[in-house]
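Enquirer: Have a look at this one before I ask anything.
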Amino acid sequence: MARYRKICSLLLVLYILVFCCAGCFSLPIATNTSQQIVYTGYGANGVVSGSLHILEIGKDKIILDAGLFYGDDGDNAPPLDENVLDGISAIVISHAHLDHIGRLLEVVDLGYSGPIYCTQPTRDLLPVMLRMEARYGDFGPETFYYSNRSKLNNDKQGKHTAAHLYRQCQYGRQISAENRREIFCSREDLEERGFYLCKACADQHVSTVMDLIRTVPLNTKRQISSNLTIEFLNTPHLPGSAMVLIHNKMSQQTVLYTGDVGSGSSRYLPAQTPVQEADYAIVEGTYGTSDYFSTEADRIQFQKFIGDCKRANKRVIIPAFVLDRSQQVLGEISRGMDNGYIPSSTPVKVFSPSTAQINHIYAQIFTDQDYKEFFAADYYEYGPFKPVFEEYDQVHQVDYGEIAVASSGMADSTYSREFVKQWISDPQTVFIFVGYQDPDTLGGKLTGSDLDKLIVDQEEYIVAAEVKKFNCFSGHANYLQIKALLQEIKGLQSVIIVHSDKPVAEELKLTYEADLPYIRFMHPESGERIYLNE
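In my numbering, the protein residues as written are 288 to 821.
Right, here's the structure in full:
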């Protein structure tokens, strides 16, 4: 009997040990390797630019977008370095705006060499957009070289000289050793010193990103690791823009990344694809709680205003972003002429080589039937715009009664900045702004208040020109649209608000919590680690 009791006691001890070991070791392994989802933002946290979000899902680590900051938006963001990128296995891009793709060059420069996933239209637009960043972006001080003879000759003629970055540049290699000189500065400083970055070198820099691009069709699951799949869902923000569903096969949990939610106001784009299910979401909040939505009547008002300016013999300057905004403006000018609101003889001038290249993509590539899933039927029936304009790559005279569509959209650089300096003091000139204006930019200052004077490049200008702003081209969904989207998602537990100024995000969080109390809402600081499923 005593022996029997000893055996029972021993079995009981063994059972307790096995049970405790299972409890100690099994649960953490499941949590750490298959279920834990951690979000860390490196941009667009408390600001509306610089989207770069890192998701750790079990053993996987991916980046969602890699965008530029506007103005001082990036001052409080943690720096990108090799340690941050360590273990990144994939980058997923929602669309081709620079505040979502502009840091791809930096990420690759830091050593990333894995795949970059996007839609086909985004892939088509990337070279043009990245080339602008390669030529004018801030990559810190670098060593460039140039032809001394060319520099001396160009200086006499008031021309800039090509500065080469890569030793294997097809043009730089032709410079002899005795004629070769070097300059150490940033790309932003080249122009002030009488240089420009060689186009071949800029293209070579862009190719480091393009070599990694992998396209994925809409509504198609693509496996990006042994445990993760992604799926692109159309959102009507610009051609090729998409939301991303990231699915963890082991835990059967899904994260939605909205990118920029489309407004649905573009004539070019099809309706939003519904999101059926997701456990967690990373959602943009650009417009906060605003319920503004542009209508056909708003666009007609734009057409009529342009026509009134023409009949009053006024010079019209429209600062516009090179991607999609310029094309939509040209489309409305075309329709205004067809509708009789704008005289068909009105000269229209487009200033920006990048806009010209994107115009070609819209008119010659996107009109192919292979792109049909990315566009509304109207795009193929009417076309993006009619050839009612001329394109210029140099600052050129714009006379009274003429229209100029010029980059940049906030009038803070290139052609539109020069036009502000030339004509902001002219009462017969009208500046029409058609997009978001950062308060610190020239466009933000002009549209934010009634100014009497404006300082540009240390020079003071009297503001006598008329300044007008139209919101009918907005590509972002309003609060009611995004709330409706979230309400329809089955199983949604938590939402991270990004791409929103901090005061706006705080108000947005409170409004969502009141309207959707069964969902947890957060707006983290840059660099803050958020455990979504804890």
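Where is the CB? At the ideal position from N, CA and C, for every residue including glycine. This structure is a prediction, so every number in the text was calculated from the model and none was measured.
Tell me whether E347 sits in a helix, a strand or coil according to DSSP, three-state version.
Expert: In the sequence as presented, Glu is not what sits at residue 347; that position holds Asp. The answer is strand: DSSP assigns D347 an E or B state.
Enquirer: Less than 8 Å between the C-beta atoms of D368 and L397, yes or no?
Expert: Cβ atoms of D368 and L397: closer than 8 Å.
Enquirer: Work out the CA separation of S813 and P674 for me, nearest whole Å.
Expert: 45 Å
Enquirer: Roughly how far, in whole angstroms, is the beta-carbon of M590 from the beta-carbon of G623, given that I think they are within contact range, below 8 Å?
Expert: For clarity, residue 590 is Gln in the given sequence; the question names Met instead. Contact holds; Cβ gap of about 3 Å.
Enquirer: Taking just the CA atoms, how far does N441 sit from D232?
Expert: Summary: the structure shown does not reach residue 232, with the chain confined to residues 288 through 821, and so no result is reported for it.
Enquirer: From G618 to L741, what distance separates their C-alpha atoms?
Expert: 32 Å
Enquirer: Who are L505's beta bridge partners in DSSP?
Expert: In the DSSP assignment, L505 is bridged to F519.
Enquirer: Helix, strand or coil, according to DSSP, for G459 in the structure here?
Expert: helix
Enquirer: Contact check, T576 vs E794 under 8 Å by CB: the rounded distance?
Expert: 6 Å
Enquirer: Candidates V743, Q715, P714, F718: which alpha carbon is nearest D727's?
Expert: Nearest of V743, Q715, P714, F718 to D727, Cα basis: V743.
Enquirer: Look up L803 in the DSSP assignment and say whether it is helix, strand or coil.
Expert: L803 falls in the coil class under three-state DSSP.
Enquirer: Using the Cα positions of F873 and I604, report the straight-line distance between them to the nearest angstrom.
Expert: This structure leaves residue 873 out entirely; the chain is present only between 288 and 821.
Enquirer: Along the chain, where does the alpha helix (DSSP H) that runs through N435 open and close?
Expert: 435 to 444
Enquirer: Beta strand (DSSP E) containing P606: first to last residue?
Expert: Looking at the DSSP string, the run of the beta strand (DSSP E) that includes P606 is 602 to 606.
Enquirer: Taking the alpha helix (DSSP H) that C596 falls in, what are its first and last residues?
Expert: 583 to 598
Enquirer: Which residues bound the beta strand (DSSP E) around Y667?
Expert: Segment 664 to 669 is the alpha helix (DSSP H) holding Y667; no beta strand (DSSP E) there.
Enquirer: Which of the three DSSP states, helix, strand or coil, is assigned to H387?
Expert: helix
Enquirer: In the DSSP assignment, what residue or residues form a beta bridge with I749?
Expert: K740
Enquirer: With DSSP as the reference, identify every bridge partner of G398, one or two as the case may be.
Expert: For G398, which the question treats as bridged, DSSP gives no partner whatsoever.
Enquirer: Taking DSSP as the reference, what is the three-state secondary structure of G328?
Expert: strand
Enquirer: What is the residue span of the alpha helix (DSSP H) that M624 lies within?
Expert: 612 to 626
Enquirer: Using the Cα positions of D476 and Y483, report the straight-line distance between them to the nearest angstrom.
Expert: 9 Å
Enquirer: From D566 to R554, what does the alpha carbon distance come to, in whole angstroms?
Expert: Rounded to whole angstroms, D566 to R554 spans 32 Å at the Cα level.
Enquirer: Under 8 Å Cβ to Cβ from I776, same chain only, skipping five residues before and after it: list those, please.
Expert: L543, V562, Q563, E564, A565, A568
Enquirer: Between the alpha carbons of L339 and G354, how many angstroms are there, rounded?
Expert: 6 Å
Enquirer: Following the continuous alpha helix (DSSP H) through Q886, name the residue where it begins and the one where it ends.
Expert: Here the chain comprises residues numbered 288 to 821, so residue 886 is not present and cannot be evaluated.
Enquirer: Closer than 8 Å by C-beta to L412: which residues in its own chain qualify, once you throw out the five before and the five after it? Chain order, please.
Expert: Within its own chain, the residues whose Cβ lies closer than 8 Å to the Cβ of L412, once the five positions on either side in sequence are excluded, are A383, P526, G527, L610, I645, I648, listed in chain order.
Enquirer: Looking only at its own chain, which residues have a Cβ that is under 7 Å from the Cβ of L297, when we skip the five neighbours before and after it?
Expert: Low confidence applies to L297: its pLDDT is 46, below 50, so where it sits in the model is not reliable enough to give any reading.
Enquirer: Once DSSP output is grouped into helix, strand and coil, what is the label at V540?
Expert: Residue 540 is actually Gln in this sequence, not Val. Strand.
Enquirer: Here's the rule I'm using: 16 or more other beta-carbon atoms within 10 Å means buried, otherwise exposed. How should Y805 be labelled?
Expert: So Y805 ends up on the exposed side.
Enquirer: Identify whether M497 lies in helix, strand or coil by the three-state DSSP scheme.
Expert: Here M497 sits in helix by DSSP.
Enquirer: Rounded to a whole number of angstroms, what is the C-alpha to C-alpha distance between N506 and P408?
Expert: 15 Å
Enquirer: Find the nearest neighbour of R501 within the set P402, V548, I324, judged by alpha-carbon distance.
Expert: Per the Cα distances, P402.
Enquirer: Mind checking I823: buried by the 16 CB within 10 Å criterion, or exposed?
Expert: In the structure as shown, the chain begins at 288 and stops at 821. Residue 823 is therefore absent and cannot be evaluated.
Enquirer: Straight-line CA distance for Q444 to Y766?
Expert: Q444 and Y766 have their C-alpha atoms some 55 Å from each other.
Enquirer: Run the CB neighbour count on V584, radius 10 Å, all protein chains shown included, and call it buried at 16 or more, exposed below.
Expert: For the record, residue 584 in the displayed sequence is Ala; it is not Val. A584 comes out exposed.
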